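Some notes on the structure that comes next.
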Amino acid sequence: MIDHKNAKICAELVQAIAEQTRIRIIELLLTGKKNVTELARHLNIEIVNVSHHLSILRQAGLVINEKHGRHVEYSLDSKYFSIGETISLDFGWCRIEIVSAK
1 MIDHKNAKIC
11 AELVQAIAEQ
21 TRIRIIELLL
31 TGKKNVTELA
41 RHLNIEIVNV
51 SHHLSILRQA
61 GLVINEKHGR
71 HVEYSLDSKY
81 FSIGETISLD
91 FGWCRIEIVS
101 AK
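Right, here's the structure in full:
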């Protein structure tokens, strides 16, 4: 049985991805590191909006960032994501699988 602390953490992680733009960001980051400008161009939204969504994903621990001079690249934290026949977000006590539509 899941305890209160783990249930709270799981709910926070699920809440962080429960928005369509953040799901699309995760999908783009599955292909590799991207900077804010690249993500904004792919998503066709303003950089400030991408930064907002990345901040939420980063605070939840789902996305990590690496600074290279003035540029910052974002990637998925491999402790939560695994890619095989399906894409899994594994939080330890709950798992979400994304199955691509073929």
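For the sequence shown, the positions run 1 to 102 when full-length UniProt numbering is used.
Idealized CB from N, CA, C, for every residue including glycine.
Keep in mind it's a predicted model, so treat the numbers as computed, not measured.
Where residue i falls: helix, strand or coil (DSSP)
i, result
"SER55", "helix"
"GLU19", "coil"
"LYS8", "helix"
"ARG95", "strand"
"GLU66", "strand"
"LEU89", "strand"
Cβ shell of residue i (< 8 Å), same chain only, five flanking positions each side left out
i, result
"LEU76", "ILE26, LEU29, LEU30, LEU62, VAL63, ILE64"
"ALA59", "The question names Ala, yet the displayed sequence has Gln at residue 59. Correct list, in chain order: ALA16."
"HIS53", "GLU19, THR21, ARG22, ILE25"
Terminal residues of the alpha helix (DSSP H) in which residue i lies
i, result
"LEU43", "36–43"
Anticipated Cβ contact below 8 Å, residue i with residue j, distance rounded
i, j, result
"ARG22", "LEU57", "6 Å"
Local Cβ density within 10 Å of residue i, reported as buried at 16 or more and exposed below that
i, result
"VAL36", "buried"
"LYS79", "exposed"
"LYS67", "exposed"
"LYS34", "buried"
Enclosing beta strand (DSSP E) for residue i [first to last residue]
i, result
"LEU76", "71–76"
Close beta carbons around residue i, own chain, < 7 Å, minus the five adjacent residues each side
i, result
"PHE18", "The question names Phe, yet the displayed sequence has Ala at residue 18. Result list for ALA18: empty, nothing under 7 Å."
"SER51", "VAL36"
"LYS102", "No answer about LYS102 holds up, because its pLDDT of 46 lies below 50 and its placement is not dependable."
Proximity test, residue i beta-carbon vs the ligand ADP heavy atom, cut-off 6 Å
i, result
"VAL14", "By its list of ligands, the structure shown contains no ligand whatsoever, and the ligand ADP lies outside what it can speak to."
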